[in-house]
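So the sequence shown is numbered by numbering that gives the first Met the number 0: it starts at 0 and just counts up by one. Backbone N, C-alpha and C fix where the C-beta goes; we use that ideal spot for every residue, glycine too. All values derive from a computational prediction rather than experimental measurement.
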Amino acid sequence: MDIHDCIELITLALWVISVIGVGILSRVHFKNKRLEQFRNIADYLMKSYVNLYDKENLSNEQKINRVGNAVVNSLEAKGFKLNKQEVQDIFAEVAKQMDEQTQEK
């Protein structure tokens, strides 16, 4: 094995490492992009539904349940799969949005 074979072997190893690195980084990028899209859609839906249900004569708990269920259903319709923790986080954020809107009045 001479120096040219070593250089070709090192070049091949670097090429394999770069291909694997690009694959990993692209996966992380698209995962983060999907999470950002999820956050933007969820935030928009929560604000829209809170404004919609604010006009109805319901208790705050009923409004939170309706808005939370509407947001969860809308996100699932858009292709997002939600686990229990994410659903709980959505309901907590809806309650926070309701409190902020109440304080603004």
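For Leu74, the uninterrupted alpha helix (DSSP H) run begins and ends at 59-76, by DSSP.
Contact check for Ile40 against Leu81 fails: the beta carbons are separated by 8 Å or more.
Within the same chain, and ignoring the five residues on either side of Tyr48 in sequence, the residues whose Cβ sits closer than 7 Å to its Cβ are Val66, Ala69, Val70.
Separation of Thr10 and Lys30 (C-alpha to C-alpha, rounded to the nearest whole angstrom) is 30 Å.
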